[in-house]
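Line by line, the protein sequences give chains A and B. The numbers in the numbering used here rise by one with no breaks, and the one at position 31 of the first sequence is 31. For any residue, its number in the numbering used here is found by taking its place in the second sequence, counting from 1, and adding 1000. All C-beta atoms in this analysis are idealised placements derived from N, C-alpha and C, irrespective of residue type, glycine included. To start, the structure itself, in structure tokens.
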Amino acid sequence: MQRRYRTIPDLKTNESARTISITDATLACKLTAMGVLPGTRIEMVRTSPFGKAYYIKVDGIRIALREEEAASILLEV
Amino acid sequence: MMWKEEDRLPKVGMVGNPNAGKSTVFNLLTGLRQHTGNFPGVTVEIKTGRMRFPSGSEATLIDFPGTYSLYPTSSDEKLVAAVMTNPADTFFPDALIYIADVTHLERHLLLLTQLLDLNLPVILALNMSDTASEMGIKVNAAKLSDQLGLPVISISGRKEDNIQRLLSELEKMLKAPEKASEYKPFYKLTDQEKQITDAIRHNLSIENPYRALLILHHHQWLPFLKKQQKEVLDAIAITKDFQSLRTQVDETLDRYDKFMPIVRESIHQPPAFPSTTTDKLDAVLTHRIGGPVIFIAVMLLIFQAIFDWSGYPMDAIENGFGLLSEWVASALGEGWFTELLTDGILAGMSGILVFVPQIALLFLLISILEEVGYMARVVFMFDKTMRRFGMNGRSVISLISGSACAVPAIMSSRTIGNWQERLITIMVTPFVSCSARIPVYLVLIGLAVPAVKVGGIFNAQSLVFGSMYALGVLTAFLAGWAMKKWLRTREPSFLAIELPEYRMPHWKNVWLSVWEKVVAFVAGAGKIILVVSIVLWAMSRFGPGNAISDATLTAHQEAREMRLDSTQTEDFVQQRRLEASFAGQMGKSFEPLIRPLGYDWKIGIALLTSFAAREVFTGTLAVLYNMGSEEGDINDRTENAAKATLRSKMKVETFSDTGQPVYTLATALSLLVFYALAMQCFSTLAVVRRETGSWKWAAMQFVAMSLLAYFGAWAVYRIFS
Ligand SMILES: Nc1nc2c(ncn2[C@@H]2O[C@H](COP(=O)(O)OP(=O)(O)OP(=O)(O)O)[C@@H](O)[C@H]2O)c(=O)[nH]1
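Structure below.
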């Protein structure tokens, strides 16, 4: 079966997608306060030098996320 | 007490999201009249300052940590929630200035609406209006003010625009607090939340419903709740089936739904964000390969700064104090009071001030990196690396600041949300060689390592100096790794950090930050150094009973028998007097413990005294070796500060029983390792206690670091001797 969502690690550099929801409750709390809301467009800018952290852009602000954090944001296909 | 008066002044809080420009406005309003506040009975430090209104009346301004909402994830964010929900708190404000970045207003209003629901009098200051007008953003402040029901003023902290209006509006608000009577909550509680807040009002008589709700959300950690109150709240949460996290998210989204339209109506924004300088810079500065390379280059630059550039002002300060104490000595003539002044007080002051250039330079560089927005990128790049060692990307900032001074470095760990990661950061930061270790390193390296070139380019002395830093950093990481294995708690940990726009540094912020840190050092560590230096002088000047005068007599006799000339006699007598003094006795009894490391009793005294603050080490040795030899060679003095003299005196030192030289390469290296690893700073221990909430961790840190230093030094001595 085809997945009905993607996450940030699925995005290519400079690709963007709309958010659906955030699976981790604590993180959801933190990210919504920072302005990552359901339906906003997230752009993947780059990954970090060591291991996987993600540099993303949301409505003109830039946020760094860990791999687990990035993976808990569900995006539209 | 000065604080009594301060307490009576109205309190104004500054709140806002991170990077909204709070500190800039705070600095603008208070200037140099700020202090990191020791309100009586308060365990956490908060920055406060005195501000003055155009009318001449004054207020205390409190700079709260930046936070996105009253649902905190780190301890400095928790602080904001704890104060705002507790009207009895010393920091509870009479009015608030809410600083919002007007170029991102739609994400800066969440916290504001929460504060409004707490019924706190707030003024909304739309900051960065200079950037906004450059970007073509137009704000209808009157409309915004109307919709939100509070005064709104466009300001620029950087350009100092409209600050007078902000002040007069604020003063009006402080004078007329009756407005608070008509309470219109921004967020409409759900039915469940209403039942809950009713229950809380009933049981704990908390009138404001949103305050009641917040208290229930946070009741597990809020410090002002009593145990019995917590039990009541627990019971309410269970019977009402209260899902804290879910409710928080729902509430947050509901607030966004309400204020987004307001923002859209009152702000005219150009359609899209163009690709900016920040994006271009980040393409290089956070590049997969380029990023870390540039970071290392920046660190080397900082290293160069402390090793090279600060040498000149340091020498100047030492020479200056040398001249001053000579002048004092010749002006006052001989006597114990003169000695107290020159060998105790002046030596101590010189020992403090000599660090100022280094600390200032380091914090200058660090605060520039922070001001321009680079530090957040470092956090992003090294988060994964730091996590391997039990820390958080944010720990990098603490470790870098630790190269100047561990005290502010440990305080900067408050932004780390996860307790274990924060604790590990606090515990390992003192391993990073702070500027207080530098003079010790310089003396010891100068003594034992020849100034030869290695491999044609590197100076052997610089190499050893560099290795001391590497040793500190390496040990910090290893200790972090070990603690991670040992602690193993499962508590959520976050990176989720905003990467701010790059900006030219605002120099006023930079200077104030450097000034603040230097003052904190001189007042904090400085006091200890001065006291130790006076106590030390007294201990080496006086002895039990007639010990000193007896020793003087026999020494003179022996000197005559040995046919020493007058300078030699003088030195010999001083030696004997020192051995007979309290300090000498103590050092001697201490010698067996440190002999395995290759140290004699003089080093023992220096070690003992430097347990209060390691910078005392060189001072102590200078006192111990220099006493009475002030009339030494003129050339000696003019050529360089005490250091060179100290080195030459230390070189000829021998063990009194075996006659072997004390300062061999092995001893010097062993001492170097000892100083790199040992915890020798009361100020650091005090700040660890405060930040961790108990002496337990401070004690553990002290014991672990001391043992590590002892065995490390022992191993090095065995290898090289
Ligand atoms: N252009 C412009 N820049 C500003 C203004 N006010 C502050 N800044 C800059 O914005 C950045 C963040 O300012 P800070 O004062 O450190 O922000 P803060 O809110 O205290 O941030 P935290 O300490 O993280 O809570 C700095 O680089 C400031 O120089 C302003 O009015 N205009």
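Within 10 angstroms of the Cβ of B/L1593, are there 16 or more other Cβ atoms? Answer buried if so, exposed if not. The residue you call residue 1593 of chain B lines up with position 593 of the second sequence. B/L1593 should be labelled exposed.
How would you call B/K1175, buried or exposed, if buried means at least 16 neighbouring beta carbons within 10 angstroms? The residue you call residue 1175 of chain B lines up with position 175 of the second sequence. Burial check for B/K1175: the Cβ neighbour count within 10 Å stays below 16, so the residue is exposed.
Near B/L1471, what residues of its chain come up, given a Cβ to Cβ distance below 6 Å and the 5 sequence neighbours on each side ignored? Mapped onto the second sequence, residue 1471 of chain B falls at position 471. Excluding positions up to five away in sequence, the list reads A1676.
For A/R62, the residue or residues it bridges with in DSSP: Here residue 62 of chain A corresponds to residue number 62 of the first sequence, with the count starting at 1. Under DSSP, A/R62 forms a beta bridge with A/K57, B/L1499.
Using only alpha-carbon positions, find the residue among B/D1383, B/S1683, B/P1151 that is nearest to A/T47. Residue 47 of chain A sits at position 47 when you count from the first residue of the first sequence. A/T47 has its Cα closest to that of B/D1383, out of B/D1383, B/S1683, B/P1151.
Which listed residue (B/R1503, B/I1267, B/V1673) has its alpha carbon closest to that of B/A1729: Residue numbering for chain B in the displayed model covers 1001 to 1721; residue 1729 of chain B lies beyond these limits and cannot be assessed.
Compile a chain-ordered list of the residues in the stretch 1484-1517 of chain B whose CB is closer than 7 Å to at least one CB of chain A. Within the stretch 1484-1517 of chain B, the residues whose Cβ lies closer than 7 Å to any Cβ of chain A are, in chain order, P1492, F1494, L1495, A1496, I1497, E1498, L1499.
Simplified DSSP assignment, three categories, for B/F1355: As a working note, residue 1355 of chain B is residue 355 in the second sequence. DSSP places B/F1355 outside both helix and strand once states are collapsed to three, so it counts as coil.
What span of residues does the beta strand (DSSP E) with A/R46 cover, start to end? Locating residue 46 of chain A in the first sequence gives position 46, counting from the first residue. Taken as a continuous stretch (DSSP letters only), the beta strand (DSSP E) holding A/R46 covers 41-47.
Quick one: which residues of the stretch 29-47 of chain A get their C-beta closer than 7 Å to a C-beta of chain B? List them in chain order. From the stretch 29-47 of chain A, only C29, K30, L31, T32, A33, M34, G35, L37, R46 have a Cβ closer than 7 Å to chain B.
Is the beta carbon of B/P1018 within less than 7 Å of some heavy atom of ligand 1? One-based indexing of the second sequence puts residue 1018 of chain B at position 18. Taken from the Cβ of B/P1018, at least one heavy atom of ligand 1 lies inside 7 Å.
For B/Q1735 versus B/A1451, is the C-beta spacing smaller than 8 Å? Only positions 1001 to 1721 of chain B appear in the structure, and residue 1735 of chain B is not among them; the question remains open.
Partner residues on chain B for A/L65, Cβ-Cβ distance less than 7 Å: As a working mapping, residue 65 of chain A is identified with position 65 in the first sequence. Going along chain B in sequence order, the residues near A/L65 (Cβ under 7 Å) are L1495, A1496.
Please report the straight-line C-alpha distance between A/D59 and B/A1376, rounded to a whole angstrom. By 1-based counting over the first sequence, the position of residue 59 of chain A is 59. By 1-based counting over the second sequence, the position of residue 1376 of chain B is 376. Here the alpha carbons of B/A1376 and A/D59 stand approximately 19 Å from one another.
Can you tell me which of the three DSSP states B/R1437 falls into? In the second sequence, the residue the question calls residue 1437 of chain B occupies position 437. Looking at B/R1437 - three-state DSSP - the assignment turns out to be helix.
Is the separation between the beta-carbon of B/A1409 and that of B/C1681 shorter than 8 Å? As a first step, residue 1409 of chain B must be located in the second sequence, where it is residue number 409. As a first step, residue 1681 of chain B must be located in the second sequence, where it is residue number 681. Judged by their CB atoms, B/A1409 and B/C1681 are not nearer to each other than the 8 Å cut-off.
Compute the distance between the beta-carbons of A/G35 and A/I61, then report whether it is under 8 Å. One-based indexing of the first sequence puts residue 35 of chain A at position 35. One-based indexing of the first sequence puts residue 61 of chain A at position 61. It is a contact, given that the beta carbons lie within the stated cut-off.
Could you tell me if the beta carbon of B/P1430 falls within a distance shorter than 7 Å of some heavy atom in ligand 1? For the purposes of this step, residue 1430 of chain B is taken as residue 430 along the second sequence, with counting starting at 1. No, since every heavy atom of ligand 1 falls outside the 7 Å radius drawn around the Cβ of B/P1430.
Contact test: B/R1503 Cβ vs ligand 1 heavy atom, cutoff 7 Å: Taking the first residue of the second sequence as 1, we reach residue 1503 of chain B at position 503. For B/R1503, the shortest separation between its Cβ and any heavy atom of ligand 1 lies below 7 Å.
Which runs of the alpha helix (DSSP H) at least 4 residues long sit entirely within the stretch 1384-1435 of chain B? Give them in chain order. Segments of the alpha helix (DSSP H) lying fully in the stretch 1384-1435 of chain B: 1395-1402, 1406-1411, 1419-1428.
Can you find a CB in chain A that lies within less than 8 Å of the CB of B/Y1187? The residue labelled residue 1187 of chain B in the question sits at position 187 within the second sequence. Not one chain A Cβ lies under 8 Å of B/Y1187.
Should B/F1606 and B/F1617 be called a contact, given that it needs their Cβ atoms to be closer than 8 Å? Start at 1 with the first residue of the second sequence, and residue 1606 of chain B comes out as number 606. Start at 1 with the first residue of the second sequence, and residue 1617 of chain B comes out as number 617. One point to set straight first is that residue 1606 of chain B is Ala, not Phe, in the sequence displayed. For B/A1606 and B/F1617, yes; Cβs fall inside 8 Å.
Can you name the start and end residues of the beta strand (DSSP E) that B/A1125 belongs to? Along the second sequence, one-based indexing puts residue 1125 of chain B at 125. Looking at the DSSP string, the run of the beta strand (DSSP E) that includes B/A1125 is 1122-1127.
I'd like to know whether the C-beta of B/N1640 is nearer than 8 Å to at least one C-beta of chain A. For the purposes of this step, residue 1640 of chain B is taken as the residue at position 640 of the second sequence. Any reading at B/N1640 needs caution, since the residue's pLDDT is 43, under 50, leaving its predicted position unreliable; the model's value is listed next. Proximity of B/N1640 to chain A, defined by a Cβ-Cβ separation below 8 Å, is not satisfied.
Could you tell me the distance, in whole angstroms, from the CA atom of B/L1144 to the CA atom of B/P1010? Here residue 1144 of chain B corresponds to residue number 144 of the second sequence, with the count starting at 1. Here residue 1010 of chain B corresponds to residue number 10 of the second sequence, with the count starting at 1. Straight-line spacing of the CA atoms in B/L1144 and B/P1010 works out to 27 Å.
Rounded to the nearest angstrom, what separates B/L1070 and A/T32 at their Cα positions? As a position in the second sequence, residue 1070 of chain B is number 70, starting the count at 1. As a position in the first sequence, residue 32 of chain A is number 32, starting the count at 1. The alpha-carbon atoms of B/L1070 and A/T32 are separated by roughly 12 Å.
Residue interval of the beta strand (DSSP E) (run including A/A17): Residue mapping note: residue 17 of chain A aligns to position 17 of the first sequence, counting from 1. First-last of the beta strand (DSSP E) with A/A17: 16-22.
Would DSSP call B/S1057 helix, strand or coil? Position 57 of the second sequence, counted from the first residue, corresponds to residue 1057 of chain B. Note: B/S1057 maps to coil in three-state DSSP.
Please name the residues in the stretch 1375-1402 of chain B whose beta-carbon is closer than 9 Å to at least one beta-carbon of chain A, in chain order. For the stretch 1375-1402 of chain B, which is checked against every Cβ of chain A, the residues closer than 9 Å are A1376, R1377, V1379, F1380, M1381, F1382, D1383, K1384, T1385, R1387, R1388, G1393.
By the three-class DSSP mapping on this structure, what secondary structure does B/Q1229 have? Start at 1 with the first residue of the second sequence, and residue 1229 of chain B comes out as number 229. In the structure shown, B/Q1229 falls within a helical segment according to DSSP collapsed to helix, strand and coil.
Which residues, in order along the stretch 1191-1213 of chain B, keep a beta-carbon less than 7 Å from a beta-carbon of chain A? Answer in chain order: no residues at all.
Determine, for A/P9, whether the minimum Cβ-Cβ distance to residues of chain B falls below 8 Å. Sequence index remark: in the first sequence, residue 9 of chain A carries index 9 (1-based). Taking Cβ atoms only, chain B never reaches closer than 8 Å to A/P9, which makes this a no.
Suppose the cutoff is 8 Å on Cβ atoms and the five residues either side in sequence are ignored; what does the same chain contact list for B/W1515 look like? Numbered from its first residue, the second sequence carries residue 1515 of chain B at position 515. Closer than 8 Å at Cβ, skipping near neighbours: L1032.
Straight-line gap, B/E1570 to B/F1542 (C-alpha atoms, nearest Å): Against the second sequence, residue 1570 of chain B aligns to sequence position 570. Against the second sequence, residue 1542 of chain B aligns to sequence position 542. The straight-line gap from Cα to Cα measures roughly 17 Å.
Cβ-based burial, B/S1610 [other Cβ within 10 Å; buried from 16]: Start at 1 with the first residue of the second sequence, and residue 1610 of chain B comes out as number 610. Buried is the call here.
Under 6 Å Cβ to Cβ from B/T1638, same chain only, skipping five residues before and after it: list those, please. In the second sequence, the residue the question calls residue 1638 of chain B occupies position 638. Note that B/T1638 scores 36 on pLDDT, short of 50, meaning its location in the model is unreliable and no value can be drawn from it.
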